[in-house]
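Here the structure is laid out as structure tokens; the discussion comes afterwards.
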Ligand SMILES: [Zn+2]
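In the working numbering, the protein residues as written are 1367 to 1814.
And the structure:
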């Protein structure tokens, strides 16, 4: 049992509260109690103490969509003319990088991403993996890194037809194998979904195969939806339907399915997403970087769709993603009222928690009795009053992942006073630089 004392506790749950000189008691992997330090110190005299010394105590951040495998793109040069659009970015960068990944590259891209997540207080992540030359067993390699790190992660393998029939079948097999494996072995922190790339690289035949397998397992999907107009153009041309309609017809959408992006969905598709209970994740930094557009987040929320926040492989500092979400919608519609601070917090905590609940039976993203003890301490000293009512604006204009000093997941300390306890950051970074050099060489030698 551990008692975090003397913190400014921001609960971030259904009814957010800020407790000055608050405490959080952890028992096993769950939160036992939240309340004033004076009260909990009396109630739990035997608990080991962790003095927050006035730091913020918040739930660990959640990332609803990421790609650990993209880590080695950082600083890599792209030969030739720079990509002019989204499809060229896929062809010239991501579909060449993922082919350059071997087992050690998969391992180290996961490890560096996990270090980054612990450092920036992101304790729950939904990863979407691709490594076409190393499909079978690839999710086990990432799972091993996840177990070592101690974070809460949902994995899946990206099924696609861009690597031929064999590649598509191997991707389906990897999802099926791993979903079964997670249900029989592994810790509760590890979860699995069924990964699909995107409508534009998936034939009806492959989708039928994947849907048949996923239904047999009672699994939903994790898929990119209408990230760029190209996905819509392809679907209309080849199938005579818009992407969400096509995916609904194929049986991909539903309560258990997570649709990343949905930048180019129209009102009829938003209705389909709402009716099917499909969850959506929003990645503003990636959307800006790829110049694909701004997702209709408010319209999705108004229609009753649950929209969370992911990072699409950008840094695992979700506070930066929150700031980007807050800013980009205002600029996009030239209205400072767009995407208010409360909405950003809702996406990052309540909505992301709902997405996480697809994969874990307990509550994440909230400090309350019974919730998972996924907790971060931040050395943020507010110089204006901090209340439950104005917390969103402290988070958007002040708080950052770099303030995180201590990270706890499932009741276990993963970082304390900025010292990583489960991963050797220096060794991982040194090895990763060597592995990255090899990945970059294979990348340079490969063609489009
Ligand atoms: Zn993505």
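Virtual Cβ for every residue (Gly too), placed ideally from N, Cα, C.
None of the values given here were measured: they were computed from a predicted structure.
Asked	Found
Segments assigned alpha helix (DSSP H), at least 4 residues, entirely inside the region 1666-1720	1684-1699 and 1707-1711
Entirely enclosed alpha helix (DSSP H) segments - the region 1452-1537, minimum 4 residues	1452-1455, 1469-1485 and 1504-1515
One or two residues paired with residue 1389 in a DSSP bridge	1401
Secondary structure, beta strand (DSSP E): runs of 3+ residues fully inside the region 1582-1636	1587-1591 and 1624-1627
Residue range of the beta strand (DSSP E) that includes residue 1781	1778-1782
Beta carbon of residue 1422 nearer than 8 Å to that of residue 1743	yes
Complete runs of the beta strand (DSSP E) confined to the region 1536-1584 [at least 3 residues]	1556-1558 and 1560-1564
Where residue 1654 falls: helix, strand or coil (DSSP)	helix
C-alpha distance - residue 1387 paired with residue 1748, whole-angstrom precision	14 Å
Cα-Cα separation between residue 1795 and residue 1515, rounded to whole angstroms	14 Å
Where residue 1728 falls: helix, strand or coil (DSSP)	coil
Local conformation of residue 1768 per DSSP, three classes	helix
Residue 1598 classed as buried or exposed, judged by whether at least 16 other C-beta atoms fall within 10 angstroms	buried
Nearest to residue 1501 (by Cα), restricted to the options 1472, 1479 and 1433	1472
Own chain residues within Cβ distance below 7 Å of residue 1383, not counting five before or after	1377 and 1754
Helix, strand or coil at residue 1373 according to DSSP, with G and I counted as helix	strand
Status (buried if at least 16 other CB within 10 Å, exposed otherwise) for residue 1612	buried
Beta-carbon proximity of residue 1524 to residue 1533, cut-off 8 Å	no
Member of 1399, 1395, 1394 and 1641 whose CA lies at the smallest distance from the CA of residue 1385	1399
Beta carbon of residue 1653 nearer than 8 Å to that of residue 1671	no
Closer than 7 Å: residue 1495 CB and nearest ligand 1 heavy atom	no
Closest Cα partner of residue 1627 within the set 1565, 1583 and 1585	1565
Exposure of residue 1702, with buried meaning 16 or more beta-carbon neighbours within 10 Å	exposed
C-alpha distance - residue 1401 paired with residue 1389, whole-angstrom precision	5 Å
Distance, residue 1773 Cα to residue 1783 Cα	9 Å
Check: residue 1604 C-beta below 7 Å from any heavy atom of ligand 3	In terms of ligand content, the structure shown lacks ligand 3 and carries ligand 1 instead.
Short Cβ contact (8 Å threshold) for residue 1429 with residue 1676	yes
Chain-order list of residues whose beta-carbon lies under 6 Å from that of residue 1679 (same chain, five-residue window excluded)	1432, 1433 and 1436
Segment contact flag, the region 1440-1447 with the region 1411-1421, C-beta cutoff 8 Å, min 3 pairs	no
Given residue 1568 as reference, the closest of 1463, 1582, 1604 and 1559 once Cα atoms are compared	1604
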